[in-house]
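Below is one structure, written out as structure tokens; the observations come after it.
Numbering (my numbering), first residue to last: 14 to 349.
Okay, here's the thing in structure tokens:
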């Protein structure tokens, strides 16, 4: 999730666990611990593909964070010696913030290696967009109530209510995804579209409109479904993927790593004299967040090069079209 949401979640959890004992220090340390796992983005890991695929790995491991917890408790006790009698509760709070951080990230699309190093498979439930105001606002409201309320008990009650509402909303997104998956499968069957794998994810900033990526031999389909649609007449648009361009790159670590990271939801295209791999899970056609030039066209096969991230070209008019598509099945979002 985005940084603001993780800070808010950490602060809210910190207040809920130890706020009664230490006051507003709980908000501060909850926010700090809610931010710590994401600081790995500032650590260069070798190249663009490594930076992408090792993010949310060791720094988001439940085991690594368990080892980090005693160090954080020691730091807190050094700064606030008057609260040493709360050492055990500090430890519970800090690890709870770490756990809720990585679990929330697991509900997004990116993928979180929560069991590293035992299992480095990224957990990506993909039920919530990385920025969703309906999840974050209850947390912020609870935190603000703690800060401004003259009655500490009332402020803590508002904070717990904010946590409950955000958790219920997260549960709603999981249920919505199950429903959307069923609708997408039914639509594919009705339209006679064969497929190998299906991926669904919320469109930006909401949980009413969902995007589906359907892989088949030689390409993929993209379609959108709103929970407010009258039926499941999903309009799928098909796009080709030039998989043959990866011939000769079977031993290229960067190429294979991107295929693994995307869980098979990727496209391959020639752009000028380069082979470009796009992760189809994050973005929309044709503008994907994670696009990498991994090879140069050569004879007879492409030649691996140092991978280069190709930043997306943002089309902000999409936000207006998303809002319209939620309510109107006639609005076309797919490009091409």
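All residues carry an ideal CB built from backbone N, CA and C; glycine is no exception. Note that the structure is a prediction, hence the values are computed from the model and not measured.
8 Å Cβ cutoff met for residue i and residue j
| i | j | result |
| --- | --- | --- |
| residue 189 | residue 220 | yes |
| residue 245 | residue 196 | yes |
| residue 281 | residue 323 | no |
| residue 342 | residue 239 | yes |
| residue 248 | residue 231 | no |
| residue 299 | residue 61 | no |
| residue 218 | residue 145 | yes |
| residue 176 | residue 29 | yes |
| residue 216 | residue 131 | no |
| residue 302 | residue 265 | no |
| residue 194 | residue 213 | yes |
| residue 27 | residue 110 | yes |
| residue 103 | residue 86 | yes |
| residue 37 | residue 123 | no |
| residue 58 | residue 64 | yes |
| residue 233 | residue 293 | yes |
| residue 186 | residue 141 | yes |
| residue 291 | residue 304 | yes |
Cβ-based neighbour list, residue i, same chain, cut-off 7 Å, excluding 5 preceding and 5 following
| i | result |
| --- | --- |
| residue 203 | none |
| residue 309 | 286, 287, 315, 316 and 318 |
| residue 31 | 39, 99, 102, 103 and 106 |
| residue 199 | 245 |
Endpoints, alpha helix (DSSP H) assigned at residue i
| i | result |
| --- | --- |
| residue 153 | 146–161 |
| residue 194 | 165–204 |
| residue 228 | From DSSP, residue 228 is part of no alpha helix (DSSP H) but of the beta strand (DSSP E) over 222–229. |
| residue 43 | 38–48 |
| residue 115 | 100–119 |
| residue 30 | 16–35 |
| residue 304 | Element bounds for residue 304: not the alpha helix (DSSP H) but the beta strand (DSSP E), 304–309. |
| residue 335 | 330–340 |
| residue 61 | 61–66 |
| residue 270 | 266–274 |
| residue 82 | 75–92 |
Rounded Cβ spacing between residue i and residue j (contact assumed at less than 8 Å)
| i | j | result |
| --- | --- | --- |
| residue 268 | residue 258 | 10 Å between Cβ atoms; not a contact. |
| residue 66 | residue 274 | 5 Å |
| residue 46 | residue 143 | Not really, about 20 Å apart at Cβ, beyond 8 Å. |
| residue 48 | residue 95 | Not quite, the Cβ-Cβ distance comes to about 24 Å (not below 8 Å), so this is no contact. |
| residue 148 | residue 183 | 6 Å |
| residue 227 | residue 201 | 7 Å |
| residue 224 | residue 33 | Their Cβ separation, rounded to whole angstroms, is 43 Å, which puts residue 224 and residue 33 out of contact at 8 Å. |
| residue 297 | residue 332 | Not really, about 11 Å apart at Cβ, beyond 8 Å. |
Segment limits, beta strand (DSSP E) that includes residue i
| i | result |
| --- | --- |
| residue 319 | 316–322 |
| residue 137 | Taken as a continuous stretch (DSSP letters only), residue 137 belongs to no beta strand (DSSP E), as it is neither H nor E. |
| residue 213 | 210–215 |
| residue 284 | 279–284 |
| residue 289 | 287–292 |
| residue 253 | 250–253 |
Spatial neighbours of residue i in its chain, beta-carbon cut-off 8 Å, leaving aside the 5 residues before and after
| i | result |
| --- | --- |
| residue 119 | 125, 127, 136, 137 and 138 |
| residue 173 | 29 and 155 |
| residue 415 | The structure shown does not extend to residue 415, since the chain is modelled only from 14 through 349, so no value can be given for it. |
Other residues of its chain near residue i: CB distance less than 6 Å, five sequence neighbours each side excluded
| i | result |
| --- | --- |
| residue 90 | 97 |
| residue 117 | 14 |
| residue 346 | 237, 334 and 338 |
| residue 43 | 23, 24, 26, 27 and 110 |
| residue 72 | 50 and 53 |
Short CB-CB distance (under 8 Å) between residue i and chain D
| i | result |
| --- | --- |
| residue 257 | Here there is only one protein chain, and chain D is not present. |
Residue i CB to nearest heavy atom of the ligand NAP below 7 Å
| i | result |
| --- | --- |
| residue 76 | The ligand content of the structure shown is nil, which means the ligand NAP is not present either. |
Contact between the segment 63–79 and the segment 15–24 (3+ Cβ pairs under 8 Å): Proximity of the segment 63–79 to the segment 15–24 falls short of the contact definition, fewer than three beta-carbon pairs being nearer than 8 Å.
Validate contact between the segment 150–169 and the segment 120–136 using beta carbons, cut 8 Å, 3 pairs: Judged by Cβ distances under 8 Å, the segment 150–169 makes no contact with the segment 120–136, as fewer than three pairs qualify.
Given 8 Å, three or more beta-carbon pairs between the segment 200–218 and the segment 158–168: Fewer than three beta-carbon pairs drawn from the segment 200–218 and the segment 158–168 are found closer than 8 Å, and the two stretches are therefore not classed as touching.
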